[in-house]
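Here the structure comes first, spelled out in structure tokens, and everything after it is commentary.
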Amino acid sequence: MWIRDIRASPIAAGILLLLLANQSPTFARGSLGGHEDPWNSERIDRLPLDVRRAVTRMCGNAARAAQYFATYLDKSRLIRLHFEHLHCDEQAQFCRGTSCLRQEYISTGGHYRLMKSYYGRDD
């Protein structure tokens with residue numbers, strides 16, 4: 000009985016290695032179906048209501064943002080918007096040469112208000 004267990008272990012290990020080696024590259028990387036679109040309207044939807052309304056006024060309802068459109072500072076008390084990472088269907092222009100619009104919103108009294116608007120280097 001003990002000899003049979005010794006022989007079964009290498010065979011089982013070999014079968015397991017063959018199964019793992021035959022997995023498709025998609026399985027190894029994870030599902031490509033869950034790949035997030037780099038320009039995504041959900042990033043706008045996740046903004047606080049006051050900030051989202053301001054972006055919608057500037058860009059319309061079809062606004063789509065890249066990953067670093069909004070950066071959160073000071074435990075989300077300050078939100079900085081980087082408009083080079085925003086696409087609008089209305090062809091709104093937020094950049095001038097290598098400088099793009101930046102806006103900073105600060106949370107006071109449970110609401111966000113525009114604190115500063117300026118043009119900064121496109122990054």
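FYI, in numbering that gives the first Met the number 0 the residues of the sequence shown are 0 to 122. Heads up, the beta-carbon is just placed ideally off N, CA and C, and yes, glycines get one too.
Counting along the chain, Cys58 sits inside the alpha helix (DSSP H) bounded by residues Leu48 to Cys58.
For Ala53 against Leu100, the beta-carbon gap comes to about 12 Å, at or over 8 Å, which does not count as contact. Beta-carbon to beta-carbon, Arg79 and Glu103 are separated by about 5 Å, close enough to satisfy the 8 Å threshold.
With contacts defined by Cβ atoms closer than 9 Å, Asp49 and Tyr111 form a contacting pair. The C-beta distance from Ala65 to Pro37 rounds to 6 Å, short enough to fall under 8 Å.
Distance check between Arg95 and each of Tyr117, Gly108, Gly109 and Asp88 places Tyr117 closest, using alpha-carbon atoms only.
Rounded to the nearest whole angstrom, the C-alpha separation of Thr55 and Glu83 is 16 Å.
Judged by beta-carbon spacing, Leu85 lies beyond the 9 Å limit of Arg51, meaning their Cβ atoms are not closer than that value. When DSSP reads this structure, Lys115 sits in a beta bridge with Glu103. Counting every other CB atom within 10 Å of its CB across the protein chains shown gives Ala61 a total below 16, marking it as exposed.
Secondary structure at Arg76: coil, using DSSP grouped into helix, strand and coil.
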